[in-house]
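Its first residue numbered 643, the sequence shown is counted upward by one per residue in the numbering used here. We put the beta carbon where it would ideally sit given N, CA and C, even for glycine.
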Amino acid sequence: MNDSTQFNKHDANIPEATPHTKPRIPGELGIWFFIAGDLMIFAVFFILIALGQREQTEIFAQSRLQLDLWVGITNTLLLLTGSWFVALGVEKAKTGGSPQLSRYFSLAILCGFGFIANKSMEWGGKISAGLSPMTNDFYMYFFMFTGIHLLHVLVGIAVLFVIRGASKRKPLTTKDVRTIESGALFWHLVDLLWIALFALLYLL
């Protein structure tokens, strides 16, 4: 047996090199366009709040003292916890899913409903105390922008129901995983927008 034959036999046992997997943007392309557009709209909202703060510093400071910081912190923790469950669900989906996969999204949905309940009680308390969008510019922004964000939370919960349904399919297809990723991205957007609102309305 010559050296060439020996080399060929040895070479036959070497696994073929697999091409490197190209980085993939999570979710569908459309969700990224939506996120970019929504962020630009909310950027205008944030600028309006900042300008109001600069022009009516005393009114904003006094009005902010009437907000319950712990209510805002609780809402922040609820959304962050929800995003954590969603992130866990996405990671499980990428590895093929598991019998417990849909539970992560169910827990995130509960966090979303907790946010709505807490925000509703906060609004109810403010209205009972005679505070409304007509009180001053601070409360106009407070009710308007937290109301718009609350609509995002409601849509986000609906999206979580959709991706929970997708997560129950066996086996998960590439389309299912992209659907789950897209829904997760929207929920993380809801979380990000709230963190910015929380900082501007409750802290600054």
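Which same chain residues end up closer than 7 Å to residue i when comparing Cβ atoms and leaving out the 5 residues on each side of it in sequence?
i, result
"residue 837", "718"
"residue 794", "832 and 835"
"residue 798", "754, 828, 829 and 832"
"residue 825", "801, 802, 804 and 805"
For residue i, collect the residues of the same chain with a Cβ closer than 6 Å to its Cβ; drop the 5 residues on either side in sequence, then sort them by chain order.
i, result
"residue 817", "none"
"residue 697", "none"
"residue 650", "Its pLDDT being 48, under 50, residue 650 is placed unreliably by the model, and the measurement read from it follows with that caveat. The answer is none, since no qualifying residue turns up."
"residue 720", "753, 756 and 757"
Which whole-angstrom value describes the C-beta separation of residue i and residue j, a residue pair presumed to lie in contact below a C-beta threshold of 8 Å?
i, j, result
"residue 823", "residue 714", "Actually they do not touch by this definition, with Cβ atoms about 29 Å apart."
"residue 780", "residue 702", "5 Å"
"residue 846", "residue 695", "7 Å"
Could you pull out every residue in the same chain whose Cβ sits closer than 8 Å to the Cβ of residue i, ignoring the five residues on either side in sequence?
i, result
"residue 810", "743 and 744"
"residue 676", "828"
"residue 737", "none"
Could you check whether the segment 680-690 touches the segment 769-778, counting it as contact only if at least three pairs of C-beta atoms, one from each stretch, sit closer than 8 Å? no
Taking three-plus beta-carbon pairs below 8 Å as touching, is the segment 783-799 in contact with the segment 754-773? yes
Does the pairing of the segment 799-817 with the segment 732-751 give three or more beta-carbon distances under 8 Å? yes
Just list the alpha helix (DSSP H) runs in the segment 655-716, keeping only unbroken ones of 4 residues or longer that don't cross its boundaries, in chain order. 671-697 and 699-707
Quick check for students: name the residue ranges of the alpha helix (DSSP H) that lie wholly in the segment 706-778, counting only runs of 4 or more. 711-736 and 743-770
Ranges of the alpha helix (DSSP H) found wholly within the segment 769-834, counting only runs of at least 4: 779-809
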